[in-house]
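Let me begin by presenting the structure, written as structure tokens, before commenting on it.
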Amino acid sequence: MSYTSISHSSQPIPKNSHIGIIGAGPAGISVAHFLRKEGYKNITILESSSHIAGKSATFFHENRGYDIGALMVSHNYTNIKSLATEFNCPLETFTGRSLNIEDNSILVNDTDKIGIYSKLLPNISHYLEEKQSFLNISRPGHGQLSERELYAPISQFLKDRNMSYLKDAWGLAYTSAGYGFLVKNI
């Protein structure tokens, strides 16, 4: 068996090349899909687990489903939304019920965890100021953020920006997305 090395050649990879993709998560499946659309036929996806989807999963407990992994798609994820439309895969609208930072409002119905937000509320203006520096993160160049900021562990990032107050509010989402235990890391 021979392997094609990756180079910086301007020549496209021949359509009859054997292409291996490691991982059947959203990225691997998307790459395979787009390669097929470009006319590549010899594509193999290698996955170590018994199912596709990467870290996304639904587990059931007492007849109720709980979704874990990367589940939320913001308005910046236009490629994901296009794929969902192409495959006739509906996306559900997610509505936060406890705190809506985007329009600076607090919704307290359906929650008994107001205590989590008692640390956050005095810091809302600080959070909104910090958030401004990330408005262009999805653009090429990652909004001019430094490599240190982009690759810092979340605990270090929050400490560096004096935002440790977010650990409780973000902890559940962070852990359920498969990134670890934010509360224990700070």
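Counting in the working numbering, the sequence shown runs from 158 upward without gaps. For glycine and all other residues, C-beta sits at the position ideal for the given N, C-alpha and C.
Check, Outcome
"Nearest-angstrom Cα separation, counted from Gly180 out to Ser207", "11 angstroms"
"Residue from Thr332, Lys198, Ser167 and Pro310 with nearest C-alpha to Ser174", "Lys198"
"Cβ-based burial, Ala184 [other Cβ within 10 Å; buried from 16]", "exposed"
"Collapsed DSSP secondary structure at Thr201 in the structure displayed", "strand"
"Cβ separation of Ala326 and Leu285, assumed to be a contact under 8 angstroms, to the nearest whole Å", "Going by Cβ atoms, the distance from Ala326 to Leu285 rounds to 14 angstroms, so no, they are not a contact pair."
"One or two residues paired with Ile179 in a DSSP bridge", "Leu203"
"N-terminal and C-terminal residue of the beta strand (DSSP E) that His218 is part of", "Ala214 to His218"
"Which of helix, strand or coil DSSP assigns to Arg296", "coil"
"Contact belief for Phe291 with Gly298 at Cβ below 8 angstroms, rounded distance in angstroms", "The pair is not a contact, with the Cβ atoms about 13 angstroms apart (cut-off 8 angstroms)."
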